[in-house]
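Position 32, counted from 1, in the sequence shown is what the numbering used here calls 93; the numbers after and before it change by one each time, with no gaps.
What follows is a set of notes on a single structure, which appears directly below.
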Amino acid sequence: MFALVYSSVATGNPGSFDALLATCRRNNEQMGVTGCLLFVYDESDGPDYFAQFLEGDQPAVEAVYARIAQDSRHRDVRLLSSGPAPGRRFTDSPMRLAELPSTRILAAARPRGLSVASPSVESIMRDSRRLTSLVASYGDDA
Ligand SMILES: Cc1cc2nc3c(=O)[nH]c(=O)nc-3n(C[C@H](O)[C@H](O)[C@H](O)COP(=O)(O)O)c2cc1C
Numbered sequence: 062m063f064a065l066v067y068s069s070v071a072t073g074n075p076g077s078f079d080a081l082l083a084t085c086r087r088n089n090e091q092m093g094v095t096g097c098l099l100f101v102y103d104e105s106d107g108p109d110y111f112a113q114f115l116e117g118d119q120p121a122v123e124a125v126y127a128r129i130a131q132d133s134r135h136r137d138v139r140l141l142s143s144g145p146a147p148g149r150r151f152t153d154s155p156m157r158l159a160e161l162p163s164t165r166i167l168a169a170a171r172p173r174g175l176s177v178a179s180p181s182v183e184s185i186m187r188d189s190r191r192l193t194s195l196v197a198s199y200g201d202d203a
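See below:
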């Protein structure tokens with residue numbers, strides 16, 4: 062098993078995810094790829110972000126990722142982590158979707174010490190360690 066996580070900036074309002082998820086389902090099932098797509102939306106002026114966890118055989122995951130990276134519905138696609146994984150985490154769905162407000166991301170990352178500044182949504186979405194565990198946590202029992 063091979064897994065990767067990337068994040069990106071959404072280029073517009075993606076509207077309904079139905080069409081995108083139908084494409085994911087069709088392609089990913091065929092390729093044996095599963096995972097989770099996180100859509101992090103901002104209720105004020107900031108951009109919306111995607112983060113995605115993809116898992117399967119390495120050639121299949123890399124082929125799907127290469128196609129996704131070309132998609133104009135997002136930009137600044139950045140690979141955050143990739144490598145062998147001990148097993149499949151998302152066994153029940155070719156691509157699970159989770160939509161959450163950026164305030165949730167901020168709350169989860171808020172530092173405990175008063176003297177430490179809170180990270181921005183942008184920096185959290187580019188933080189490999191944080192994002193990898195956040196996205197992966199939507200597997201199994203989420
Ligand atoms: C954020 C995001 C995530 C995507 N995830 C997947 C995916 O998991 N699997 C997939 O096949 N396509 C995914 N796509 C769509 C691909 O970029 C591409 O449009 C699609 O694979 C083309 O499939 P088609 O040639 O069968 O229409 C995603 C697109 C975006 C913007």
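Where a beta carbon is used, it is the ideal one built from N, C-alpha and C, also for glycine.
Remember, it's a predicted structure, so these values are computed and weren't measured experimentally.
Can you check which of these residues, 165, 136, 87, is closest to residue 95 by C-alpha distance? 87
Under 9 Å, do residue 99 and residue 65 count as touching if we go by C-beta distance? no
State the DSSP-derived secondary structure class of residue 170, mapped to helix, strand or coil. helix
May I ask whether a heavy atom of ligand 1 can be found less than 8 Å away from the beta carbon of residue 74? no
When a residue counts only if its C-beta is closer than 6 Å to some heavy atom of ligand 1, which residues count, in chain order? Selection output, chain order preserved: 81, 84, 85, 88, 89, 98, 111, 113, 125, 128, 129, 132, 134, 135, 156.
For the 8 Å Cβ check, are there 3 or more pairs between the region 153-164 and the region 118-129? These segments do not touch.
Where the alpha helix (DSSP H) through residue 193 begins and ends: Segment 189-197, the alpha helix (DSSP H) holding residue 193.
Distance between residue 135 and residue 80 (C-alpha atoms, nearest Å): 16 Å
Own chain residues within Cβ distance below 7 Å of residue 93, not counting five before or after: 117, 118, 121
What span of residues does the alpha helix (DSSP H) with residue 183 cover, start to end? Counting along the chain, the alpha helix (DSSP H) containing residue 183 begins and ends at 182-186.
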